[in-house]
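I have placed the structure first, in the form of structure tokens, so that the comments after it can refer back to it.
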Ligand code: HEM
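Residue numbers (this note's numbering): 1 to 321.
Next up, the structure:
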């Protein structure tokens, strides 16, 4: 499922950015290309850990070429009215800003704004969907509840759409509970103290790398009842922000994830549609393996494989797509 989810999210981002789908570039935006261990342990950089800095420089050159191509294509389209359903693509919007303020919005700045859509936005979202589907397959009751909720609000013979997402609170609870148990950025992103400060009674000098262990906070038995259990109901009524700082899968504050809204909508729409359209089953009788691969991102040791077939009530609709 992971490669399917990644392809889906990658193409959503491609359409937003450039107005077209594209072949999936796992070689430059794939799971292992997001962050560098040296960002978390700077000493390793000094020691030239596994030649990672050189690899990153080479990778950046290839990414730069890809992004420049998207900008050049967007530039050619200016004047003709090519856009996604009458809306500007991200590249077209950035090029308009460049026309208005060319000194500030150079191609370098534009590429810097497009890059995180691919690096920070694709793998994180796909991985979270893989965790959510794994959890649901191990909890058929909860899967059934999501299906019932969708069936109760979407008219028969109609596909779930974006406007339905806010009417699916239980699905949202499932996604939040997944993000609590498996935050794909378990240590968030390294922060650096810009001046001397004090955190939780510890004196932190300026220039210190600070890591937040969101994974541990979100499973802390002092903060959560039955922290290891999958209980989507605990998020009932939760809108934004938990009391205190106990739920922070997207970080908190000024450097929190700017893509959280997009990620929540995309995951809701994609997972909701999969559950609406297909019957899902585990392969065999064993539970889906939930072992975590401990790295900078939280991925599954064993990628998810699942069985699915179209729901009989939706076969005619699906055959028209
Ligand atoms: C389930 C999906 C996602 C998760 C769990 C996630 C999580 C995070 C986390 C933990 C951070 C660091 C926050 C901090 O250090 O305080 C972050 C930063 C960021 N994310 Fe996401 N993210 C997701 C999806 C996205 C998407 C879809 C986009 C854009 C399309 C995106 C763009 C970014 C950017 C640009 C940053 C850096 C923000 C900054 O440094 O100011 N993310 N994300």
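Just so it is clear, CB atoms sit at the ideal spot from N, CA and C, and this is done for glycine as well.
Predicted, not measured: the structure shown is a model, and the values here were computed from it.
| task | With DSSP collapsed to three states, give me the class of residue 76. | result | Position 76 of the chain shown holds residue 76. It is helical.
| query | residue 299 lies in the beta strand (DSSP E); which residues open and close that run? | reply | Counting from 1 along the chain shown, the entry for residue 299 is found at position 299. 298 to 300 is the extent of the beta strand (DSSP E) around residue 299.
| Bridge partner(s) assigned by DSSP for residue 306 | Taking the chain shown and counting its residues from 1, the one referred to as residue 306 is at position 306. Partner(s): 282.
| Run through DSSP, which three-state label would residue 41 get? | The residue given as residue 41 occupies position 41 in the chain shown. Of the three classes helix, strand and coil, the one that applies to residue 41 here is coil, per DSSP.
| message | Let's test the definition: count the other Cβ atoms within 10 Å of the Cβ of residue 164 and tell me whether it reaches 16, buried, or not, exposed. | response | Counted from its first residue, the chain shown places residue 164 at position 164. Counting other Cβ atoms within 10 Å of its Cβ, residue 164 reaches 16 or more and is therefore classed as buried.
| Which residues in the same chain as residue 175 place their Cβ atom closer than 8 Å to its Cβ, once the five residues preceding and following it in sequence are excluded? | In the chain shown, counting from the first residue as 1, residue 175 sits at position 175. Closer than 8 Å at the Cβ level, and outside the excluded window around residue 175, lie 128, 132, 264, 267, 268 and 271.
| task | Tell me whether the beta-carbon of residue 171 lies closer than 8 Å to the beta-carbon of residue 146. | result | Residue mapping note: residue 171 aligns to position 171 of the chain shown, counting from 1. Residue mapping note: residue 146 aligns to position 146 of the chain shown, counting from 1. Yes, they are a contact pair.
| Cα-Cα separation, residue 148 to residue 234 | Position 148 of the chain shown, counting from 1, holds the residue named residue 148. Position 234 of the chain shown, counting from 1, holds the residue named residue 234. Straight-line Cα distance between these residues: approximately 19 Å.
| request: Check whether the Cβ of residue 257 lies closer than 7 Å to any heavy atom of the ligand HEM, and answer yes or no. | output: In the chain shown, the residue the question calls residue 257 occupies position 257. Residue 257 Cβ: within cutoff of the ligand HEM.
| said: Taking 7 Å as the cut-off, is the C-beta of residue 155 nearer than that to any heavy atom in the ligand HEM? | reply: Residue mapping note: residue 155 aligns to position 155 of the chain shown, counting from 1. For the ligand HEM, not one heavy atom lies less than 7 Å from the Cβ of residue 155.
| Based on the DSSP secondary-structure assignment, which residues constitute the bridge partners of residue 203? | Within the chain shown, residue 203 is the residue found at index 203, counting from 1. DSSP output for residue 203 lists 198 as bridge partner(s).
| query | What is the DSSP secondary structure of residue 191, counted as helix, strand or coil? | reply | Taking the chain shown and counting its residues from 1, one reaches residue 191 at position 191. In the structure shown, residue 191 sits in a strand (DSSP, three-state: E or B).
| field | Run of the alpha helix (DSSP H) containing residue 293, from where it starts to where it stops | value | Numbered from its first residue, the chain shown carries residue 293 at position 293. Careful: residue 293 lies outside any alpha helix (DSSP H), inside the beta strand (DSSP E) at 292 to 294.
| Exposed or buried, what is residue 104 when buried is set at 16 or more other beta-carbons lying within 10 Å of its beta-carbon? | The residue given as residue 104 occupies position 104 in the chain shown. Using a 10 angstroms sphere on the CB of residue 104, the tally of other CB atoms stays under 16, which defines it as exposed.
| said: Are there any heavy atoms of the ligand HEM lying less than 7 Å away from the beta-carbon of residue 189, as far as the coordinates show? | reply: For the purposes of this step, residue 189 is taken as residue 189 along the chain shown, with counting starting at 1. Checking every heavy atom of the ligand HEM against the Cβ of residue 189, one is found closer than 7 Å.
| By Cβ distance below 6 Å, which residues in the same chain neighbour residue 22 in space, the five residues on each side in sequence not counted? | Indexing the chain shown from 1 puts residue 22 at position 22. Here the set comprises 14.
| said: Suppose you measure from the CA of residue 223 to the CA of residue 182; what does that come to, to the nearest Å? | reply: For the purposes of this step, residue 223 is identified with residue 223 of the chain shown, where counting begins at 1. For the purposes of this step, residue 182 is identified with residue 182 of the chain shown, where counting begins at 1. When rounded, the distance between both Cα atoms is 16 Å.
| the ligand HEM heavy atom lying under 7 Å from the CB of residue 250 | Taking the first residue of the chain shown as 1, we reach residue 250 at position 250. Checking the Cβ of residue 250 against the ligand HEM gives yes.
| Roughly how many angstroms lie between the CA atoms of residue 259 and residue 121, to the nearest whole one? | Within the chain shown, the letter at position 259 stands for residue 259. Within the chain shown, the letter at position 121 stands for residue 121. Each residue's Cα considered, the two are about 7 Å apart.
| task | Look at residue 280 and residue 306 and say whether their C-beta atoms are less than 8 Å apart. | result | Reading the chain shown from its first residue, position 280 is the one you call residue 280. Reading the chain shown from its first residue, position 306 is the one you call residue 306. In contact: residue 280 and residue 306 (Cβ atoms closer than 8 Å).
| query | Thinking just about the alpha-carbon of each residue, which of 173, 16, 246 and 251 is nearest to the one in residue 231? | reply | On the chain shown, residue 231 is found 231 positions in, with the first residue counted as 1. Distances from the alpha-carbon of residue 231 to those of 173, 16, 246 and 251 put 173 closest.
| Does at least one heavy atom of the ligand HEM sit under 7 Å from the Cβ of residue 179? | As a working mapping, residue 179 is identified with position 179 in the chain shown. Yes - the ligand HEM has a heavy atom lying nearer than 7 Å to the Cβ of residue 179.
| field | Cβ pair residue 110, residue 94 closer than 8 Å | value | Along the chain shown, one-based indexing puts residue 110 at 110. Along the chain shown, one-based indexing puts residue 94 at 94. Result yes, Cβ atoms of residue 110 and residue 94 sit closer than 8 Å.
| residue 208 in three-state terms, based on DSSP | As a first step, residue 208 is located in the chain shown; it is residue number 208 there, counting from the start. Residue 208: coil per DSSP, three-state reduction.
| request: Would you check if there are 3 or more beta carbon pairs closer than 8 Å linking the region 193 to 200 to the region 301 to 318? | output: Segment contact: the region 193 to 200 against the region 301 to 318, fewer than three CB-CB distances shorter than 8 Å; contact not assigned.
| message | My parser needs the alpha helix (DSSP H) runs of 4 or more residues fully inside the region 141 to 190; what are they? | response | 169 to 181
| said: So the candidates are 207, 229, 87 and 125; which of them puts its Cα closest to the Cα of residue 185? | reply: Working through the chain shown from its first residue, we reach residue 185 at position 185. Minimum Cα distance to residue 185 is reached at 125.
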